[in-house]
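Asker: I have a structure I would like to understand better, so I am pasting it below and will then ask my questions one at a time.
Residue numbers (this note's numbering): 121 to 510.
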């Protein structure tokens, strides 16, 4: 009993100190006007094994909380959009989306092959370099007051398409990393695609059964049911070899209208807390001694993919020069979903520790540089406006 009490006391102390530290970092990030994601990752590197402090990342409770963080992140993503919005966004930015996929996945594929990580590494790193950070974009739009600019709906539409592409990508990635046979892999991917198609179709037409079974006015029960359904779906998906993250996304996609809005509002703070734990835990599991060896490829990827996102911004229709510059800086940052993808690969054990180090270094670089470039563009825009006025 004494041993159990001592273990419980240590668990609560470690977890409490972790949350306190992450809270301080979030406050610092808010003060200096950047996303807290890089600071969470740096904290994990600092305190983890191989770091300055050397806290082991074997705490089962913290690991479970970080996994739940991924589930809630994807659940909120599904709640953010209806199937109608996803399909409408896909049609509105189809040309730019094609440029986005080709231009930003290709550098990841090339670097992975050069590093000797094969098809699996190429598939994973392509996803890491492709998808922009919705959370960083959202923060920048609020901090810089850019929401009213005409290019913003196009940027948001492109982000929606990127998020939609995660639905087929993650199941395929999970099967590939698991090393399934060709036949079993094709069956798993086929089943995943059918499930995604059915859920999108149900969401598009509107599920009266789902809407009637939930009451937006009873917010506590709604919160418990939605979060419980996402966690249960994620567990069943894991057991079936399907992506837990995609399962949570599909649960969110089924909910629309007032129910989705209420659930999203109630779950936002929970998502922020658990996501912070997830990023810190990923940093804890990354050996910082591996980072110096991947700084060159991380730097190359950063420069190239900031450029390729600028290329995507230039392909947005009906956007002037300053609008394209703003869009380029908004799309440049990688963040939560790049780390989610890297986390799935890390959990599979299919790639070496150097891959995790590269993913961390790359996300850190883009998540720091893109906001700085955004502020530079804002200053340039103000200077241009003053010159034009004079």
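Cβ atoms here follow ideal geometry from the backbone N, Cα and C, with glycine treated the same way.
If you follow the alpha helix (DSSP H) that residue 269 is in, where does it begin and where does it stop?
Answerer: Start at 1 with the first residue of the chain shown, and residue 269 comes out as number 149. Segment: none, residue 269 is in no alpha helix (DSSP H) and carries neither H nor E.
Asker: Within 10 angstroms of the Cβ of residue 122, are there 16 or more other Cβ atoms? Answer buried if so, exposed if not.
Answerer: What you label residue 122 is simply residue 2 of the chain shown in a count that begins at 1. Reliability of the predicted coordinates at residue 122 is poor, the pLDDT of 46 falling under 50, and the value obtained from them is presented with this limitation in mind. It counts as exposed.
Asker: Quick test of the definition: if touching needs 3 or more C-beta pairs under 8 Å, does the segment 429 to 446 touch the segment 284 to 301?
Answerer: Short answer: they don't touch.
Asker: Which value, in whole angstroms, describes the spacing of the CA atoms of residue 262 and residue 427?
Answerer: As a first step, residue 262 must be located in the chain shown, where it is residue number 142. As a first step, residue 427 must be located in the chain shown, where it is residue number 307. Distance between the alpha carbons of residue 262 and residue 427: 24 Å.
Asker: For the putative contact between residue 460 and residue 365, defined by C-beta atoms under 8 Å, what is the C-beta separation to the nearest angstrom?
Answerer: For the purposes of this step, residue 460 is taken as the residue at position 340 of the chain shown. For the purposes of this step, residue 365 is taken as the residue at position 245 of the chain shown. Sure, about 6 Å apart at Cβ, within 8 Å.
Asker: Using a Cβ-Cβ cut-off of 6 Å (strictly less than) and excluding sequence neighbours within five positions of residue 138, which residues of its own chain qualify?
Answerer: Translated into the one-based positions of the chain shown, residue 138 becomes position 18. Counting only Cβ-Cβ distances below 6 Å, and skipping sequence neighbours, we find nothing.
Asker: Within 10 angstroms of its Cβ, does residue 130 collect 16 or more other Cβ (buried), or is it exposed?
Answerer: Locating residue 130 in the chain shown gives position 10, where the first residue counts as 1. So residue 130 ends up on the exposed side.
Asker: So the candidates are 186, 297, 194 and 271; which of them puts its Cα closest to the Cα of residue 471?
Answerer: Residue mapping note: residue 471 aligns to position 351 of the chain shown, counting from 1. Per the Cα distances, 297.
Asker: Taking 8 Å as the threshold (C-beta atoms), are residue 418 and residue 353 in contact?
Answerer: The count along the chain shown starts at 1 and reaches residue 353 at position 233. The count along the chain shown starts at 1 and reaches residue 418 at position 298. No; because the gap between Cβ atoms is not below 8 Å, this pair is not in contact.
Asker: What residue from 270, 276 and 198 has the CA that sits closest to residue 438's CA?
Answerer: Counted from its first residue, the chain shown places residue 438 at position 318. It is 270.
Asker: Taking the alpha carbon of residue 469 as the point to measure from, which residue in 237, 153 and 393 has its own alpha carbon closest?
Answerer: Locating residue 469 in the chain shown gives position 349, counting from the first residue. Closest by alpha carbon: 237.
Asker: What is the residue span of the alpha helix (DSSP H) that residue 537 lies within?
Answerer: The requested residue 537 is not part of the displayed model; the chain covers only 121 to 510.
Asker: Please name the residue, chosen from 150, 153, 449 and 387, that lies closest to residue 345 on a Cα-to-Cα basis.
Answerer: Counted from its first residue, the chain shown places residue 345 at position 225. Nearest C-alpha to residue 345: 387.
Asker: If you run the structure through DSSP and keep just helix, strand and coil, what is residue 123?
Answerer: Walking along the chain shown from the start, residue 123 turns up at place 3. A caution first: residue 123 carries a pLDDT of 46, below 50, which makes its placement in the model unreliable, though a value can still be read off. Residue 123: helix per DSSP, three-state reduction.
Asker: Residue 410 and residue 474 - do their beta-carbons sit closer together than 8 Å?
Answerer: Here residue 474 is taken as the residue at index 354 of the chain shown, counted from 1. Here residue 410 is taken as the residue at index 290 of the chain shown, counted from 1. Taking 8 Å as the Cβ cut-off, residue 474 and residue 410 qualify as a contacting pair.
Asker: Between 199, 280 and 247, which lies nearest to residue 463 when the distance is taken from Cα to Cα?
Answerer: Mapped onto the chain shown, residue 463 falls at position 343. It is 247.
Asker: State the start and end residues of the unbroken alpha helix (DSSP H) segment that holds residue 224.
Answerer: Translated into positions along the chain shown, residue 224 becomes position 104. 214 to 234 is the span of the alpha helix (DSSP H), which, as asked, contains residue 224.
Asker: By alpha-carbon positions, which one of 182, 283 and 166 ends up nearest to residue 373?
Answerer: Sequence index remark: in the chain shown, residue 373 carries index 253 (1-based). Ranking 182, 283 and 166 by Cα distance to residue 373 puts 283 first.
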